[in-house]
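Only one structure is covered here, and it is reproduced in the block below.
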Amino acid sequence: MPRISSPITQFFNCRILKNHQLVEDYLYVQDGKIIDPEKMFWDAKRKPDIRIDCKGGIVSPGYIDVQINGAYGYDFSNDTDIIEEAASNISKGLLLQGCTAYCPTTVSSRPEVYHRVLKHLGPRDGSIQNGAAILGAHVEGPFISPQKKGAHELETLRTAKNGIADFDECYGLDNLRRYVSYMTVAPEVEGVLDSIPKLIEATGINISSGHSNATTAQSSQALKRGANMITHLFNAMHAFHQRDPGIIGLLGSSESETRPFYGIICDGIHVHPHSVMIAYYAHPKGACLVTDAMSAQCLPDGYYKLGEMDVDVTSGHVYIKGTNTIAGSIITMAECVRNFIKFTGASKVEALENATLHPAQMLGIEHKKGNLIHGADADILILDDNLHVQRVFVAGIEATKENIKFSEKV
Amino acid sequence: MRLIIREDPKAVAYYTANYVRQRINEFKPTRNRPFVLGLPTGSTPVEVYWHLVDFYKRGEVSFRNVITFSMDEYVGLPRSHPESYCSFMHRHLYDHINLRPENIHMLDGNAEDLAAECQRYEEKIKEVGGIELFLGGIGPDGHIAFNEPGSSLESVTRVKTLAYETVLANARFFGGDVNKVPKLALTVGVGTVRAAREVLLIITGAHKAVALAKCIEEGVNHMWTVSVIQLHPSAMVVCDEDATLELHVKTVRYFKSIEQVQEQLIGRQNISLKGSISKLVGYDPDQAYRPIADPSANEKSALDTDSSDVSHQDESDQGSITDSADDDQYSVDQSEDDGESDNVQEMDRNTLSATELTASGSSEANGTRTNGSLVPAAVTGNPF
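Those protein sequence lines, which keep their order, are chains A and B.
Under UniProt numbering, the residue at position 134 of the first sequence is numbered 134, and the numbers go up by one with no gaps.
Under UniProt numbering, the residue at position 51 of the second sequence is numbered 51, and the numbers go up by one with no gaps.
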């Protein structure tokens, strides 16, 4: 609760993303939260203490990336010995890019990896000390389809013959409950469909369908059982076929409440721009922009490790070394937002909501993240008209190169 | 009473805001001698406030030593409700200017003891030295604030039950549902408004025409409470052409001609902001008498120099407001009017001041013609 005496910050000379529109208005922040100025005004007779001139720019909630494997040379699945250092540096680096909250993503790994790293990837508030907020880990696999493993290592994949016990053995149910925000599974893998509702009840995590060959019927089953998200739509799933559109077909479901959210990578490489447009207009309210970035994000071209695999980075593309398999991306959220508009012709409001509101809604946290409503965390971006990030604020404090120091992995 | 007629609500809003600005600046308020302003809510005041915010942002007025009192507030509506008058004032004015929160006084419609709240309000007004300028509107039933027909003309701040017509008129702010409109309100009394040192009423729209006619052409009557301004020593009504639709042609012509007379005969420099004339400089009573032509015949000839479309004045005139006082480019020949001097002096001091003027500043700004309304002089331009 904001204290009466704390300084009030006012953003002025700006257009704010509010009620699905950009409106000329002021935004007030106190104690790291967005506040209703009228209470302070009438009750405490307070006017703002700090005034920030946004120079006519756009004020948006900070970007939320729910699919990111690493950056600046660090990797959440590989750097298990230095996981705290990895999380710390990635959080700070992402913050300066305009991503104020994220889900550190682990690729399919052996149980010992999860037991070692998950506790360091649990929810953590964003701040100048911490960098971007961590919303909880995204465990992508290993309960996925061997035919759609993408860059994941085959030996780590498994089935859930024993139901929820297998999940416990792999991750630890307690770890899921405390540190994980959502999990990607393939609905057709043995034991997965039945485990979905039990997992949700036992741990409260969200479930996402991905890395899967599931038919539309199977995907629909998963959705009905509570899988409210699709992991990187189009990638690592059964392609769209007119008689069996697979997981992608969920976007065409006739009643909109039964359509899931879906992550979509807008680097122009993972998904053809036209496919982005087709998917978006099939289900605009579900689009969540994600980067699926890997450790080479923000590093120069060269050779790096992802999970337990080696990859090659060349001019914006990342392949498994020696193959043509895409291993991940190195795009940033800010670029995704701009590309999205290019690909679909959608409005700025829509693009921004895909990067903020929808991911927050998917995780059920839109009351405090992804939104500029009263009471939400003051994670704010000031953008120019071309949606380039000008200034970043986390918990109401501005994050700059001076007060956010981080390093790349040596 | 001064009756200033302008072409449309935009011009009325601008005139009013400009007048308030100049009054504050001329008063030069200080902490110990603040400028006390009474403020209304409603759709016309919204535009007045927009202009005031604009003046503030340009540095042309400061509200640092201004104290405000609102006219009314619904009873029982939570302060955070978007239609409460607190929300309205915050949204349209208080959030944008340097008015100090402790200098803002609003009636509390959720007070435990409403009568005590009204009493407190009256006492506060006295404590700060009374209201210098009270802005207000008029209801279609001729009420000022929520002093519905039948209110005592000496009334003080109190709780009032809203008239049916008022509830209907306000339903548009509550999604068109009359059941959602509060039925009770706290309001300053007619007496409270009369006690202010100056009253300025903003009246626009054809639906207010009957009320305006009743209030200025007929007697002082508690069924049309605004009529009480006839007894006020310093009252001004700013209205648009539509609001004059029920007035006698003679009335409208009279008030318009006053503005013209002031412009031509007396000269801007001799008229104070509040309309009094202290001396006549550059005015030679020995020159031959020449009557002022009937304003309606004059619209093209005598006023060549200063017909400019009022609605353009906002954009063009912002900077030149203070300059135009000294600008004597308007080429109306002052020597023409001297014969009128006796007549001019006989007219009521207050009424003479109705014209401010089609300041030359605005005339040079935009040479466009008005659309043939009766007296372009009155219609044009920024008066100050």
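Just so you know, even glycine gets a beta-carbon here, dropped at the ideal spot from N, CA and C.
Check, Outcome
"Just reading off the alpha helix (DSSP H) that A:Gly93 is part of, what are its end residues?", "83 to 97"
"Nearest by alpha-carbon distance to B:Lys126: which of B:Thr41, B:Lys274, B:Val36 is it?", "B:Val36"
"Mind listing the chain B neighbours of A:Pro37? Cutoff is C-beta to C-beta under 9 angstroms, in chain order.", "His90, Asp95"
"Would you say B:Val12 and B:Thr204 are within 9 angstroms of each other, going by their C-beta atoms?", "yes"
"A:Glu398 lies in the beta strand (DSSP E); which residues open and close that run?", "397 to 399"
"For the pair the segment 382 to 396 of chain A and the segment 12 to 23 of chain B, tell me if three or more CB-CB distances fall below 8 angstroms.", "no"
"Span of the alpha helix (DSSP H) holding A:Met362?", "357 to 363"
"Taking CB distances under 9 angstroms as the criterion, tell me whether A:Lys47 reaches chain B.", "yes"
"For chain B, check one thing: does any of its Cβ atoms lie closer than 9 angstroms to the Cβ of A:Phe11?", "no"
"Which class does residue 428 of chain A belong to by DSSP, given the choice of helix, strand or coil?", "Because chain A in this structure spans residues 1 to 410, residue 428 of chain A falls outside the shown range and cannot be described."
"If you measure between the beta carbons of A:Cys288 and A:Val66, is that distance less than 9 angstroms?", "yes"
"Cβ of B:Ser87 less than 9 angstroms from any chain A Cβ?", "yes"
"Which value, in whole angstroms, describes the spacing of the CA atoms of A:Gly249 and A:Phe340?", "21 angstroms"
"Using the C-alpha atoms, what's the distance from B:Leu135 back to A:Asn403?", "51 angstroms"
"Quick one: residues in its chain with C-beta nearer than 8 angstroms to the C-beta of A:Asp36, no 5 flanking neighbours on either side, listed in chain order?", "Tyr28, His374"
"If you measure between the beta carbons of B:Leu133 and B:Ala196, is that distance less than 9 angstroms?", "yes"
"How is the alpha helix (DSSP H) around A:Met277 delimited, first residue to last?", "273 to 282"
"Please state if the CB of A:Met294 and the CB of A:Ala71 are separated by a distance shorter than 9 angstroms.", "yes"
"Would you report the Cα separation of A:Arg15 and A:Val59, rounded to the nearest angstrom?", "6 angstroms"
"Cβ of A:Phe41 less than 9 angstroms from any chain B Cβ?", "yes"
"Classify A:Lys285 as helix, strand or coil using the three-state DSSP reduction.", "helix"
"Assign B:Met223 to one of two classes, buried (16 or more other C-beta atoms within 10 Å of its C-beta) or exposed (fewer than that).", "exposed"
"Within the 9 angstroms Cβ cut-off, does A:Tyr171 reach chain B?", "no"
"Determine the contact status of A:Gly62 and A:Ala87, defining contact as a CB-CB distance below 9 angstroms.", "no"
"Where DSSP assigns a beta bridge to A:Arg391, which residues make up the other side?", "A:Ile382"
"Take every Cβ of the segment 185 to 195 of chain A, pair it with every Cβ of the segment 152 to 160 of chain A, and state whether three or more of those distances are shorter than 8 angstroms.", "yes"
"Taking only runs that begin and end inside the segment 25 to 101 of chain B, name each unbroken beta strand (DSSP E) of 3 or more residues, in chain order.", "35 to 39, 66 to 70, 72 to 74"
"Would you kindly work out how many angstroms separate the C-alpha atoms of residue 387 of chain B and B:Leu247, rounded to a whole number?", "What the structure shows of chain B is the stretch from 1 to 384, and residue 387 of chain B is not part of that stretch, so it cannot be assessed."
"Any beta-carbon of chain A closer than 9 angstroms to the one on B:Ser80?", "yes"
"For B:Arg21 versus B:Phe55, is the C-beta distance shorter than 9 angstroms?", "yes"
"Within the same chain, show all residues whose beta-carbon is closer than 8 angstroms to that of A:Leu173, passing over the 5 residues directly before and after it, in chain order.", "Ile164, Phe167, Ala202, Thr203"
"Per DSSP, A:Arg51 is paired with what?", "A:Gln10"
"The alpha helix (DSSP H) with B:Ile125 in it runs from where to where?", "114 to 127"
"Going along the segment 10 to 33 of chain A in order, which residues come within less than 8 angstroms of chain B, judged by CB to CB distance?", "Tyr26"
"Is it true that the CB of B:Leu99 sits closer than 9 angstroms to the CB of B:Ser70?", "no"
"With 16 other CB atoms within 10 Å as the buried threshold, where does A:His120 fall?", "buried"
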